[in-house]
Amino acid sequence: MPFRYFIKQLLLPPGLLLLLLLAAWWLRRSRPRLAGLCFALGFGGFWLMSLPVVVQWGAKALEREPPLAREAWTSLAQRADAIVVLGSGRERGDLAWGEDQPTGVGLERQRYAARLAKASGLPILTSGGLHYGTPPTEAKLMADSLRDDFGVTVRWQEGESRTTWENAEFSAKVLLPEGVKRIVLVTQAWHMPRAVWSYQQAGFEVVPAPVGFLGTDNARPFGGWLPEFKSIWQSGQLMNEAVGQIGYSLFYRGDDSDD
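Numbering of the sequence shown is given in UniProt numbering, commencing with residue 1 and proceeding in unit increments.
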């Protein structure tokens with residue numbers, strides 16, 4: 001897992017862009033024209049990733065599921081049997097808390113799931129395994145936070161998965177024997193199409209409940225054409241998702257059996 005993670009981070013932006021800048025420095029004397037090309041690609045890539053307007057455009061292409069209408073929250077129990085919340089990593093050893101915590105993205109998902117659960121009365125499953133092999137599981141971190149921060153008790157925890165595909169596969173092992181086949185799925189809007197597909201392949205009927213839309217008006221000065229550091233991280237997330245969607249279409253197509 002660590003080696004796979006290392007390769008993935010190295011070959012996707014911004015890791016790939018850093019390699020191009022390093023290559024530009026290394027080749028600056030022996031191959032100046034090639035070095036110039038590497039520098040232009042690396043610097044240009046970073047500049048594009050830093051623009052909020054590019055984040056907006058990229059997210060709009062990925063966010064294909066509409067938001068769940070607020071007036072539909074109270075009637076969700078007529079369409080589903082449970083709410084599934086997907087994990088999103090962790091913040092390591094926060095000194096304020098003295099232990100690992102859910103990420104900001106995870107808290108966004110948990111808050112939304114808690115609102116849906118309170119409105120509908122549906123039980124919750126949290127899904128997410130060990131991050132870098134270190135306990136507790138993401139599922140437990142989310143379950144504890146939902147209980148302590150949002151006043152919602154989690155009924156099931158799926159703590160084995162490392163990828164979106166495994167989220168679905170291992171959630172099925174927990175929920176299907178309980179007779180739960182219809183779920184409300186909570187994850188980021190840009191991640192939702194791949195998550196929905198994975199859960200459908202695992203045998204679920206899915207009501208998408210996307211949160212954290214980025215494909216809307218960025219509300220930045222000059223239309224989002226000024227660079228921001230936060231946009232680099234967001235662009236990286238969107239690129240990772242785009243690659244994930246392509247990978248799933250290639251490796252899991254037609255399979256009943258990723259990130």
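Yeah, the Cβ is synthetic: ideal placement off N, Cα and C, and Gly gets one too.
- According to DSSP, residue 101 shares a beta bridge with 91.
- At the C-beta level, residue 38 and residue 61 stay beyond 7 Å of one another.
- A residue is called buried once 16 or more other Cβ atoms fall within 10 Å of its Cβ, and residue 75, having fewer, is exposed.
- Beta bridge pairing from DSSP links residue 210 with 187.
- Unbroken alpha helix (DSSP H) runs of no fewer than 4 residues, entirely contained in the region 121 to 170, are found at 138 to 150, following chain order.
- Between the region 40 to 59 and the region 209 to 224, the count of C-beta pairs closer than 8 Å reaches three or more; the two stretches touch.
- In its own chain, leaving out the 5 sequence neighbours on each side, no residue places its CB closer than 6 Å to the CB of residue 72.
- When DSSP reads this structure, residue 182 sits in a beta bridge with 205.
- In this structure, DSSP gives residue 86 an extended state, which the three-state scheme calls strand.
- Using a C-beta cut-off of 8 Å, the region 91 to 111 makes no contact with the region 240 to 251, since fewer than three inter-stretch Cβ pairs fall below that distance.
- In the three-state DSSP reduction, residue 68 falls in the coil class, being neither helix nor strand.
- The three-state secondary structure of residue 247, taken from DSSP, is helix.
- Taking C-alpha positions only, residue 63 is separated from residue 92 by approximately 29 Å.
- Nearest Cα to residue 66 within the set 183, 99, 209 and 130: 209.
- The way I'd put it, the region 146 to 153 doesn't touch the region 179 to 192; fewer than three beta-carbon pairs between them come closer than 8 Å.
- Annotated three-state conformation of residue 26 is helix, per DSSP.
- By the neighbour-count criterion, in which a residue is buried when 16 or more other Cβ atoms sit within 10 angstroms of its Cβ, residue 199 is buried.
- Apart from the 5 residues on each side of it in sequence, residue 36 sits with its Cβ closer than 8 Å to the Cβ of 24 in its chain, given in chain order.
- When only Cα atoms are considered, residue 157 and residue 48 end up about 39 Å apart.
- Around the CB of residue 235, 16 or more other CB atoms lie within 10 Å, so the residue is classed as buried.
- Residue 225 carries a coil assignment under DSSP once its states are collapsed to helix, strand and coil.
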